[in-house]
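J.:
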Amino acid sequence: MEPGGVNYLLEFTYLIASILFIFGLKGLSHPESARRGMFMAEAGMLAAIIGTLFHNGIITYEWIAAGLVIGSVIGALMAIWVPMTAMPQRTALSHALGAIAAALVGIAEYTLHGGPEMPLFIRGALGFEVMLGTLTTTGSLIAAGKLQGFVRGTPVQFKGQQVVNLLLFGGMAGCFVYSVGHPSASLIFYTMTGLGFLFGVMLVIPIGSADMPVVMSLLNSYAGLASAATGFVLGNNVLIIAGTLDGFSGLILSILMCKAMNRSITNVLFGGFGAVRAATAAGAGGEMREISLNDAAVRLAYASKVVFVPGYGLALAQAQQAVRDLANALEERGVTVKYGIHPVAGRMPGHMNVLLAEANVPYGDLYEMDQINPEFPSTDVVVVVGANDVVNPDARDNSNSPIAGMPILEVDKAKSVIVLKRGQGRGFSGLENPLFCKPVTSMLYGDAKASLTALAHEVKNL
Amino acid sequence: MQSINPAVLIASLYVFVLAAFLGYQLISRVPPLLHTPLMSATNAISGISLIGSLVIAGMHKVDFHALASGGAAAKPSIATLLGFIAVISATTNVVGGFGITDRMLKLFQQRESVKSKGVKKGSK
Numbered sequence: 000m001e002p003g004g005v006n007y008l009l010e011f012t013y014l015i016a017s018i019l020f021i022f023g024l025k026g027l028s029h030p031e032s033a034r035r036g037m038f039m040a041e042a043g044m045l046a047a048i049i050g051t052l053f054h055n056g057i058i059t060y061e062w063i064a065a066g067l068v069i070g071s072v073i074g075a076l077m078a079i080w081v082p083m084t085a086m087p088q089r090t091a092l093s094h095a096l097g098a099i100a101a102a103l104v105g106i107a108e109y110t111l112h113g114g115p116e117m118p119l120f121i122r123g124a125l126g127f128e129v130m131l132g133t134l135t136t137t138g139s140l141i142a143a144g145k146l147q148g149f150v151r152g153t154p155v156q157f158k159g160q161q162v163v164n165l166l167l168f169g170g171m172a173g174c175f176v177y178s179v180g181h182p183s184a185s186l187i188f189y190t191m192t193g194l195g196f197l198f199g200v201m202l203v204i205p206i207g208s209a210d211m212p213v214v215m216s217l218l219n220s221y222a223g224l225a226s227a228a229t230g231f232v233l234g235n236n237v238l239i240i241a242g243t244l245d246g247f248s249g250l251i252l253s254i255l256m257c258k259a260m261n262r263s264i265t266n267v268l269f270g271g272f273g274a275v276r277a278a279t280a281a282g283a284g285g286e287m288r289e290i291s292l293n294d295a296a297v298r299l300a301y302a303s304k305v306v307f308v309p310g311y312g313l314a315l316a317q318a319q320q321a322v323r324d325l326a327n328a329l330e331e332r333g334v335t336v337k338y339g340i341h342p343v344a345g346r347m348p349g350h351m352n353v354l355l356a357e358a359n360v361p362y363g364d365l366y367e368m369d370q371i372n373p374e375f376p377s378t379d380v381v382v383v384v385g386a387n388d389v390v391n392p393d394a395r396d397n398s399n400s401p402i403a404g405m406p407i408l409e410v411d412k413a414k415s416v417i418v419l420k421r422g423q424g425r426g427f428s429g430l431e432n433p434l435f436c437k438p439v440t441s442m443l444y445g446d447a448k449a450s451l452t453a454l455a456h457e458v459k460n461l
Numbered sequence: 000m001q002s003i004n005p006a007v008l009i010a011s012l013y014v015f016v017l018a019a020f021l022g023y024q025l026i027s028r029v030p031p032l033l034h035t036p037l038m039s040a041t042n043a044i045s046g047i048s049l050i051g052s053l054v055i056a057g058m059h060k061v062d063f064h065a066l067a068s069g070g071a072a073a074k075p076s077i078a079t080l081l082g083f084i085a086v087i088s089a090t091t092n093v094v095g096g097f098g099i100t101d102r103m104l105k106l107f108q109q110r111e112s113v114k115s116k117g118v119k120k121g122s123k
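Protein sequences appear in the order of chains A and B. Numbering-wise, the first sequence is residues 0 to 461 according to numbering that gives the first Met the number 0. Numbering-wise, the second sequence is residues 0 to 123 according to numbering that gives the first Met the number 0.
1. Indicate whether at least one CB of chain B lies closer than 8 Å to the CB of N236 (chain A).
2. Between the alpha carbons of G249 (chain A) and D294 (chain A), how many angstroms are there, rounded?
3. Does G180 (chain A) come within less than 8 Å of chain B when only Cβ atoms are used?
4. Between the Cα of V334 (chain A) and those of A:V306, A:P205 and A:A358, spot the shortest distance and give me the residue it belongs to.
5. Helix, strand or coil for A281 (chain A), going by three-state DSSP, please let me know.
6. For P376 (chain A), I'd like the list of residues in its chain whose CB is within less than 6 Å of its CB, leaving aside the five on either flank, ordered along the chain.
7. Quick one: list the residues of chain A neighbouring I55 (chain B), beta-carbon separation under 7 Å, in chain order.
8. Answer yes or no: does any C-beta atom of chain B fall closer than 8 Å to that of N352 (chain A)?
9. Which residue wins for smallest C-alpha separation from A209 (chain A), given the options A:Y311, A:A302, A:Y362 and A:V163?
10. So which of A:V382, A:D388 and A:G26 has the shortest CA-CA distance to L37 (chain B)?
11. Report the residues of the stretch 241-253 of chain A with a CB closer than 8 Å to any CB of chain B, ordered along the chain.
12. Within 8 Å, do at least three Cβ pairs link the stretch 92-101 of chain B to the stretch 68-84 of chain A?
13. In angstroms, rounded to a whole number, what distance separates the CA positions of L454 (chain A) and A358 (chain A)?
14. Here's a check: name, in chain order, each residue in its chain whose Cβ is nearer than 8 Å to the Cβ of Y189 (chain A), leaving out the five neighbours to either side.
15. Roughly how many whole angstroms lie between the Cα atoms of T279 (chain A) and P401 (chain A)?
16. Looking at the unbroken beta strand (DSSP E) that takes in T41 (chain B), where does it start and where does it end?
17. When you compare the CB of I77 (chain B) with every CB in chain A, is at least one pair closer than 8 Å?
18. Using only alpha-carbon positions, find the residue among A:A91, A:I417 and A:L255 that is nearest to A344 (chain A).
19. Considering only residues of the same chain and omitting the five flanking positions on each side of V353 (chain A), which have a CB-CB separation below 8 Å?
20. Along the chain, where does the beta strand (DSSP E) containing G339 (chain A) start, and where does it finish?
21. Could you check if E41 (chain A) is buried or exposed, using at least 16 other CB atoms within 10 Å of its CB as the buried criterion?
22. When the cut-off is 8 Å and only beta carbons count, does I87 (chain B) lie next to chain A?
23. Can you give the Cα-Cα distance for N432 (chain A) and L252 (chain A), rounded to whole angstroms?
24. Using a Cβ-Cβ distance under 8 Å, would I15 (chain A) count as near chain B?
25. Quick check on the burial criterion: 16 or more other C-beta atoms within 10 angstroms. Buried or exposed for W80 (chain A)?
26. Is the separation between the beta-carbon of D245 (chain A) and that of S52 (chain B) shorter than 8 Å?
27. Could you check whether the stretch 258-266 of chain A touches the stretch 162-169 of chain A, counting it as contact only if at least three pairs of C-beta atoms, one from each stretch, sit closer than 8 Å?
28. Give the secondary structure of F307 (chain A) by DSSP, where H, G and I count as helix, E and B as strand, and everything else as coil.
29. Kindly provide the ranges of any beta strand (DSSP E) runs that are 3 or more residues long and lie completely inside the stretch 130-188 of chain A, ordered along the chain.
30. Counting only beta-carbon atoms, is R34 (chain A) nearer than 8 Å to chain B?
31. Assuming E367 (chain A) is part of the beta strand (DSSP E), what are its boundary residues?
32. Out of A:E31, A:L233, A:M77 and A:L329, state which residue places its alpha-carbon closest to the alpha-carbon of A107 (chain A).
33. Which whole-angstrom value is the C-beta distance of A300 (chain A) and R332 (chain A), which I expect to be below 8 Å?
34. In or out: E116 (chain A) buried (at least 16 other Cβ within 10 Å) or exposed?
35. DSSP state of R276 (chain A), grouped into three classes?
36. For A6 (chain B), tell me which candidate among A:F120, A:T265 and A:Y13 has the shortest Cα-Cα distance.
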């Protein structure tokens with residue numbers, strides 16, 4: 000990196016770090032090897048950081064020490080205190096932190112080495128890094144705000160929004176191209192930086208909370224690619240490798256999430272999903288049948304197979320432990336209990352699995368959509384806890400539905416379904432759910448946590 | 000770094016493309032069960048951009064005595080300040096990211112003891 004030549008020891012440390020990162024991700028292919036893998040990745044990170052501290056370009060340690068201490072304290076507090084239910088917000092926030100770090104390194108490099116003597120390719124990578132970094136920073140902050148409830152979760156839309164966004168994007172891209180071609184035009188470079196921050200906000204505000212799994216994955220991908228671009232700017236391979244792995248992980252998750260909703264990425268970003276829904280919601284009709292707590296408990300207790308289907312409502316009600324308690328009571332009576340997890344249940348990929356794992360549900364009992372769907376016809380009772388769209392039969396049966404074609408958990412094929420719901424309203428998505436009116440379905444109104452706890456109590460007393 | 004040589008550039012592109020393929024292979028094998036820890040782990044790993052911020056934050060000597068007495072010439076450069084903030088955010092990501100990933104992965108490991116006893120022992 001320095002004119003003096005290559006520091007072979009440092010490069011070797013980076014090589015080791017890269018290898019350890021790869022082993023770390025490989026470990027994630029199974030829950031039992033995952034922790035060991037992460038220890039390797041942590042060791043790689045530590046080696047890379049310590050190695051860098053001996054970098055011959057570093058002549059003062061005050062700022063470094065202060066930054067490391069402040070960052071470690073904040074990070075450690077986050078690691079200890081953030082509850083599992085808040086994992087989506089936390090992750091969005093960390094996308095923002097990763098992206099801002101990349102953007103700032105880019106801007107700092109620009110102030111240090113920017114200008115005509117910087118090679119064209121590096122100028123391109125630097126512009127790309129700053130552009131992606133800035134828009135991911137504000138975009139992730141808005142996403143975190145929406146998830147935490149600081150910002151309205153419903154899509155924020157206005158007339159001409161697409162045009163405004165397109166102009167913003169065009170302006171940003173234009174500044175990028177211009178500043179690559181004219182390295183001395185620092186004003187244009189900083190305009191691009193500003194537009195990047197603005198575009199990030201505009202990109203995420205029109206997106207509804209239900210689409211967050213896709214947005215989270217995309218932002219993950221952008222943050223990673225911004226890091227990879229940093230690697231090109233600094234000529235550092237471990238940065239390129241780690242950033243690319245992160246970027247592609249996000250990309251693959253985005254594609255998986257989109258598939259699970261039967262939508263394209265452009266549709267999620269620019270579709271204005273919330274608006275379409277209100278129009279088609281009026282059609283469905285029918286009577287919802289309520290079930291008493293006692294009847295529900297009896298039905299569960301004398302079933303031979305029960306499947307729980309959790310959704311975001313489970314996280315909202317913090318009901319994961321209550322689900323587990325009910326499942327325990329049922330298992331003690333010899334009932335087989337399983338959990339059906341839709342890929343986009345919750346607000347980020349894998350959200351439900353983490354919550355249920357927190358309540359000590361063995362991961363062998365957590366079933367993916369394709370595994371659990373064939374089992375519903377032989378299931379006596381399905382308990383839907385705070386899930387809606389992912390069990391909506393309209394996705395399968397009604398080609399006019401806004402969610403038509405989305406793969407669902409086919410709970411309506413079970414012998415009976417109990418839906419835990421706060422009230423008779425339509426819930427978040429604003430979409431009518433014919434499942435609630437089907438003959439097999441009974442509704443149990445009330446707070447999910449309270450209902451589950453009461454059910455567990457009743458089952459134990461039977 | 001200023002005098003970038005095309006061979007280095009080409010090598011970097013090779014690294015990028017190969018890492019992309021490797022990433023595809025590795026990530027495809029991660030079960031949906033672990034997608035949340037995956038996101039948080041890759042996030043922590045890409046906190047490696049910390050090594051870039053470290054060099055920037057430490058490359059200029061700042062005379063704190065002159066700074067305290069108001070010497071304008073001794074002001075830290077903008078790059079140093081930006082590097083400093085970048086060190087904070089990247090460190091937060093590394094420490095927080097690995098910490099939370101480990102906390103989550105621990106939850107997925109407790110299977111044996113739970114299944115046999117059937118009792119929950121609330122872990123936080």
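All C-beta atoms in this analysis are idealised placements derived from N, C-alpha and C, irrespective of residue type, glycine included.
T.: Let's see:
1. The residue given as residue 236 (chain A) occupies position 237 in the first sequence. Closer than 8 Å: yes.
2. Translated into positions along the first sequence, residue 249 (chain A) becomes position 250. Translated into positions along the first sequence, residue 294 (chain A) becomes position 295. Distance from the CA atom of G249 (chain A) to the CA atom of D294 (chain A), rounded to whole angstroms, is 45 Å.
3. As a position in the first sequence, residue 180 (chain A) is number 181, starting the count at 1. With 8 Å as the cut-off, G180 (chain A) does not count as an interface residue toward chain B.
4. Sequence index remark: in the first sequence, residue 334 (chain A) carries index 335 (1-based). When each option's Cα is compared against that of V334 (chain A), the closest is A:V306.
5. If you number the first sequence from 1, residue 281 (chain A) lands on position 282. Residue placement at A281 (chain A) is flagged as unreliable, the pLDDT there being 42, under the threshold of 50; the coordinate-derived value follows with that caveat. Reduced to three states, the DSSP call for A281 (chain A) is coil.
6. Within the first sequence, residue 376 (chain A) is the residue found at index 377, counting from 1. Excluding positions up to five away in sequence, the list reads K412.
7. The residue given as residue 55 (chain B) occupies position 56 in the second sequence. Simply V104 and A107.
8. Here the question's residue 352 (chain A) lines up with position 353 in the first sequence. Judged by the 8 Å Cβ criterion, N352 (chain A) is in contact with chain B.
9. Translated into positions along the first sequence, residue 209 (chain A) becomes position 210. Answer by Cα proximity: A:Y311.
10. Indexing the second sequence from 1 puts residue 37 (chain B) at position 38. Put simply, of A:V382, A:D388 and A:G26 the residue whose alpha carbon is nearest the alpha carbon of L37 (chain B) is A:G26.
11. Flagged, chain order: A241, G242, T243, L244, D245, G246, F247, S248, G249, I251 and L252.
12. The stretch 68-84 of chain A is in contact with the stretch 92-101 of chain B.
13. Locating residue 454 (chain A) in the first sequence gives position 455, counting from the first residue. Locating residue 358 (chain A) in the first sequence gives position 359, counting from the first residue. Roughly 17 Å between the two C-alpha positions.
14. On the first sequence, position 190 is the one that residue 189 (chain A) refers to. Once the five neighbours on either side are set aside, Y189 (chain A) has no close Cβ partner at all.
15. Locating residue 279 (chain A) in the first sequence gives position 280, where the first residue counts as 1. Locating residue 401 (chain A) in the first sequence gives position 402, where the first residue counts as 1. The predicted position of T279 (chain A) is uncertain, since its pLDDT is 45 and thus under 50; no value can be drawn from it.
16. Along the second sequence, read from residue 1 onward, the residue named residue 41 (chain B) stands at position 42. Per DSSP, T41 (chain B) lies in no beta strand (DSSP E); the unbroken alpha helix (DSSP H) holding it starts and ends at H34 to S45.
17. Here the question's residue 77 (chain B) lines up with position 78 in the second sequence. Yes, its Cβ sits closer than 8 Å to a Cβ of chain A.
18. As a working note, residue 344 (chain A) is residue 345 in the first sequence. Distance check between A344 (chain A) and each of A:A91, A:I417 and A:L255 places A:L255 closest, using alpha-carbon atoms only.
19. Here residue 353 (chain A) refers to the residue found at position 354 when the first sequence is read from its first residue. Only M83 and M86 meet the Cβ criterion.
20. Locating residue 339 (chain A) in the first sequence gives position 340, counting from the first residue. G339 (chain A): member of the beta strand (DSSP E) spanning T335 to I340, first to last residue.
21. Translated into the one-based positions of the first sequence, residue 41 (chain A) becomes position 42. E41 (chain A) comes out buried.
22. One-based indexing of the second sequence puts residue 87 (chain B) at position 88. It does; some Cβ of chain A falls within 8 Å.
23. Here residue 432 (chain A) corresponds to residue number 433 of the first sequence, with the count starting at 1. Here residue 252 (chain A) corresponds to residue number 253 of the first sequence, with the count starting at 1. So the two alpha carbons sit approximately 27 Å from each other.
24. Numbered from its first residue, the first sequence carries residue 15 (chain A) at position 16. False, the Cβ-Cβ gap to chain B never drops below 8 Å.
25. Counting from 1 along the first sequence, the entry for residue 80 (chain A) is found at position 81. By the Cβ neighbour-count rule, W80 (chain A) is exposed, with fewer than 16 other Cβ atoms within 10 Å of its own.
26. In the first sequence, counting from the first residue as 1, residue 245 (chain A) sits at position 246. In the second sequence, counting from the first residue as 1, residue 52 (chain B) sits at position 53. Going by beta carbons, D245 (chain A) and S52 (chain B) fall outside the 8 Å limit.
27. Touching, no, given that fewer than three Cβ pairs across the two stretches are closer than 8 Å.
28. The sequence position of residue 307 (chain A) within the first sequence is 308, counting from 1. F307 (chain A): strand per DSSP, three-state reduction.
29. List check, beta strand (DSSP E) in window: nothing returned.
30. On the first sequence, residue 34 (chain A) is found 35 positions in, with the first residue counted as 1. Yes, R34 (chain A) lies at the interface with chain B (some Cβ there is under 8 Å from its Cβ).
31. Numbered from 1 along the first sequence, position 368 holds the residue referred to as residue 367 (chain A). Residues L365 to E367.
32. Within the first sequence, numbered from 1, the residue matching residue 107 (chain A) stands at position 108. Ranking the options by Cα distance to A107 (chain A), first place goes to A:L233.
33. Residue numbering aside, residue 300 (chain A) sits at position 301 when the first sequence is read from its first letter. Residue numbering aside, residue 332 (chain A) sits at position 333 when the first sequence is read from its first letter. With a Cβ gap of about 6 Å, A300 (chain A) and R332 (chain A) count as contacting.
34. Here residue 116 (chain A) is taken as the residue at index 117 of the first sequence, counted from 1. E116 (chain A) is exposed by the Cβ-count criterion.
35. As a working note, residue 276 (chain A) is residue 277 in the first sequence. Only weak support exists for where R276 (chain A) lies, its pLDDT of 45 falling under 50; the value from the coordinates is given anyway. DSSP places R276 (chain A) in helix when its eight states are reduced to three.
36. Numbered from 1 along the second sequence, position 7 holds the residue referred to as residue 6 (chain B). When each option's Cα is compared against that of A6 (chain B), the closest is A:F120.
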